[in-house]
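Before any comments, here is the structure.
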Amino acid sequence: MIRPYFSIKHIVLVSLLWLTATTVVAQTLTATVDRTQLGKGETLELRVRYDGQTTSEPDFSPLNIDFEVLSQHQKNQFSIRNGSTVSNTEWRIQLLPRTTGSLTIPPLSFKGVSSQAIQLKVENSQQGSNSNQPVFVETDLNKNAAYVQEQLLLTFRINASTGLQSIASEDLMIKDASVVKVSENQYQKQINGVNHLVVELKYAVFPETSGELTIPSLRFNAVIPDRRDPYSSSFFSRGGKRVFLYSDAKKISIKPKPATYGSGEWLPTTAVSLSERWSRPLDELVAGEPITRTIHISAQGLTAAQLPPLQITAGPGFKIYPEQPQLDNDVTHDGVIGTRSEAVALVASKSGNIELPAITVKWWDTSSNQMRETVLAAR
Numbered sequence: 185m186i187r188p189y190f191s192i193k194h195i196v197l198v199s200l201l202w203l204t205a206t207t208v209v210a211q212t213l214t215a216t217v218d219r220t221q222l223g224k225g226e227t228l229e230l231r232v233r234y235d236g237q238t239t240s241e242p243d244f245s246p247l248n249i250d251f252e253v254l255s256q257h258q259k260n261q262f263s264i265r266n267g268s269t270v271s272n273t274e275w276r277i278q279l280l281p282r283t284t285g286s287l288t289i290p291p292l293s294f295k296g297v298s299s300q301a302i303q304l305k306v307e308n309s310q311q312g313s314n315s316n317q318p319v320f321v322e323t324d325l326n327k328n329a330a331y332v333q334e335q336l337l338l339t340f341r342i343n344a345s346t347g348l349q350s351i352a353s354e355d356l357m358i359k360d361a362s363v364v365k366v367s368e369n370q371y372q373k374q375i376n377g378v379n380h381l382v383v384e385l386k387y388a389v390f391p392e393t394s395g396e397l398t399i400p401s402l403r404f405n406a407v408i409p410d411r412r413d414p415y416s417s418s419f420f421s422r423g424g425k426r427v428f429l430y431s432d433a434k435k436i437s438i439k440p441k442p443a444t445y446g447s448g449e450w451l452p453t454t455a456v457s458l459s460e461r462w463s464r465p466l467d468e469l470v471a472g473e474p475i476t477r478t479i480h481i482s483a484q485g486l487t488a489a490q491l492p493p494l495q496i497t498a499g500p501g502f503k504i505y506p507e508q509p510q511l512d513n514d515v516t517h518d519g520v521i522g523t524r525s526e527a528v529a530l531v532a533s534k535s536g537n538i539e540l541p542a543i544t545v546k547w548w549d550t551s552s553n554q555m556r557e558t559v560l561a562a563r
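Here my numbering runs 184 ahead of the position in the sequence shown, where the first position is 1.
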């Protein structure tokens, strides 16, 4: 009887070939998501699993076409089951869809294997006071039209009927306009009989050119309790569902300075005031000794930088020595109040009576659409 001959070399070679074949067959790349239907501004988690150990990663750049990659984490696992070695590498990627409609997570390739494409549906859910969303944002402008350099008040209200763990936003950037944040507050409000926490942000917007001004949509990043996690609303939990809210874009017509205004600094506002303060009583004025006169000009809805230098001149019997003007902006719930303070040292050259001329500031009343003047009377 002839027996087959297997050397140690043959056995090792066969074993290595079998292990290699087993490894090749076992290597797969699998992609899954936590859900395939979501609303605008909602995120989803993509899990990509490779059945093997690796120090590199797949090329995730195809995701950037339709998604914003918010975070990415890698986890390696190694274990022995029933005497067999099991290892895998998993990437967890948080994605934010860039658009609504039907989207596709494309196949991903890694080490000769590929994942399957995943179909998603992103609904353009409407946000507003009648929305059934747990959190939504309202956008409000105080005017439908304005003059160039006139203050506009832009308000965002984030309404939450559920616990709001955190809220953040991008910086508000508006082309051809300057922006000043004037207030941020919180209060409670009932909407359709449901209590809501309202976070209100208000900005003063100053258009720099006439024409159509576009206020872009602003993105807010909110974290609310996750209904799939029973402990996400716990005080000790750091979990939660991350959602993105988008304000409505606005367009507003910006009118140029009226031709009837004439020359001079353009001041579109609702009120201008002039006042003065002296360093000591005027009945103590002595020839040759300086006294300081400080004049304040304030305007509602204008910044201090928009206020013009005051025309303070010397006259018969006295000289003036101006100091550096001081500019201040006070922000309130109604917007910006700009103040310009100009101080001058006044020196009378001789005894007797001197006259300080009136100071006049011309401005445009945006509430009545007419030119007005504010006067600090002569004395």
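Ideal placement from N, C-alpha and C gives every residue a C-beta, glycine not left out.
Whole-angstrom distance between P452 and N369, CA atom to CA atom: So the alpha carbons of these two residues sit roughly 28 Å apart.
With respect to 7 Å, is the separation between the Cβ of V321 and the closest non-hydrogen atom of the ligand PLP below this value? The model depicted lacks the ligand PLP and carries no ligand whatsoever.
Go through the stretch 232 to 279 residue by residue and report every complete run of the beta strand (DSSP E) that reaches 3 residues or more, in order. The stretch 232 to 279 is shown to contain whole beta strand (DSSP E) runs of 3 or more residues at 251 to 265, in chain order.
Can you check DSSP and say which residues form a bridge with W462? In the DSSP output, where bridge partners are listed per residue, W462 has R477.
Which of the three DSSP states, helix, strand or coil, is assigned to D467? Of the three classes helix, strand and coil, the one that applies to D467 here is helix, per DSSP.
Looking only at its chain, what residues have a beta carbon closer than 7 Å to the beta carbon of S437, apart from the 5 residues adjacent to it on each side? Excluding five sequence positions before and after S437, the CB atoms of its chain that fall closer than 7 Å to its own CB belong to A329, E396, given in chain order.
Would you say A483 and L511 are within 8 Å of each other, going by their C-beta atoms? No, the pair does not count as a contact, with Cβ atoms beyond the cut-off.
Here's a check: name, in chain order, each residue in its chain whose Cβ is nearer than 7 Å to the Cβ of K305, leaving out the five neighbours to either side. Within the same chain, K305 has close Cβ partners T220, Q221, S286.
Residue range of the unbroken beta strand (DSSP E) whose run includes P506: Segment 502 to 506, the beta strand (DSSP E) holding P506.
Indicate the three-state DSSP secondary structure (helix, strand or coil) for Q300 in the structure shown. If DSSP states are grouped into helix, strand and coil, Q300 belongs with coil.
Which stretch, first to last residue, makes up the beta strand (DSSP E) that contains Q554? 554 to 560 is the extent of the beta strand (DSSP E) around Q554.
Taking a contact to mean a Cβ-Cβ separation below 8 Å, would you say P492 touches E557 in this structure? Cβ atoms of P492 and E557: not closer than 8 Å.
In DSSP terms, what P281 is bridged to: In the DSSP output, where bridge partners are listed per residue, P281 has F251.
How about the stretch 502 to 509 and the stretch 544 to 551: do they share at least three Cβ pairs that are nearer than 8 Å? Too few Cβ pairs lie closer than 8 Å, so no.
Using the C-alpha atoms, what's the distance from R563 back to E539? Looking at the two C-alpha atoms, the distance is approximately 6 Å.
How long is the line joining the alpha carbons of I543 and I481, rounded to whole angstroms? Taking the Cα positions, I543 is about 11 Å away from I481.
For E396, the first and last residue of its enclosing beta strand (DSSP E): In the DSSP annotation of this structure, the continuous segment of the beta strand (DSSP E) that includes E396 starts and ends at 395 to 399.
Per-residue burial, V520 [other beta carbons within 10 Å of its own, 16 or more giving buried]: Label assigned to V520: buried.
Which word fits W462, buried or exposed, when buried means at least 16 other C-beta atoms lie within 10 angstroms of its C-beta? So W462 counts as exposed.
When burial is assigned at 16 or more other CB atoms within 10 Å of the CB, is L466 buried or exposed? Result: exposed.
Do G446 and Q490 have their C-beta atoms within less than 8 Å of each other? Not closer than 8 Å, so no.
Could you tell me how far apart the beta carbons of A433 and S394 are, in whole angstroms, since I believe they sit closer than 8 Å? Not a contact, Cβ separation roughly 20 Å.
For S552, which residues of its own chain have a beta-carbon under 6 Å away from its beta-carbon, when the five flanking residues on both sides are left out? So the list is empty, once near-sequence residues are dropped.
From V456, R464, N405, residue whose alpha carbon lies closest to that of E354: The residue with the shortest Cα to Cα distance from E354 is N405.
So what's Q490 in DSSP terms, helix, strand or just coil? Helix, per DSSP.
A483 by DSSP, collapsed to three states: which one? Correct three-state label for A483: strand.
Please identify the residue among R477, L469, A443, A471 whose C-alpha is closest to the C-alpha of L458. If we check each option's Cα against that of L458, R477 comes out closest.
Looking only at its own chain, which residues have a Cβ that is under 7 Å from the Cβ of F502, when we skip the five neighbours before and after it? Excluding residues within five positions, the ones whose Cβ falls inside 7 Å are L530, V531, A532, S533, I538.
DSSP state of A443, grouped into three classes? In the structure shown, A443 sits in a helix (DSSP, three-state: H, G or I).
Which of helix, strand or coil does DSSP assign to R341? R341 falls in the strand class under three-state DSSP.
Quick check on D410: does DSSP put it in helix, strand or coil? Looking at D410 - three-state DSSP - the assignment turns out to be coil, as it is neither helix nor strand.
Mind checking who T516 pairs with in its DSSP beta bridge? Per DSSP, G519.
Euclidean distance between Cα positions of L279 and T227: Going by the C-alpha atoms only, they are around 6 Å apart.
Since V321 and P391 should fall inside the 8 Å C-beta cutoff, what is the C-beta to C-beta distance between them, to a whole number of angstroms? Separation of the CB atoms of V321 and P391 is rounded to 23 Å, and the pair is thereby denied contact status at 8 Å.
Apart from the five residues just before and just after G424, which ones in its own chain have a Cβ nearer than 7 Å to its Cβ? Residues of the same chain with a CB within less than 7 Å of the CB of G424, apart from the 5 flanking positions on each side, are Q349, V407, I408, P409, D410, S416 in chain order.
Less than 8 Å between the beta carbons of V232 and S293, yes or no? The Cβ atoms of V232 and S293 lie no closer than 8 Å to each other.
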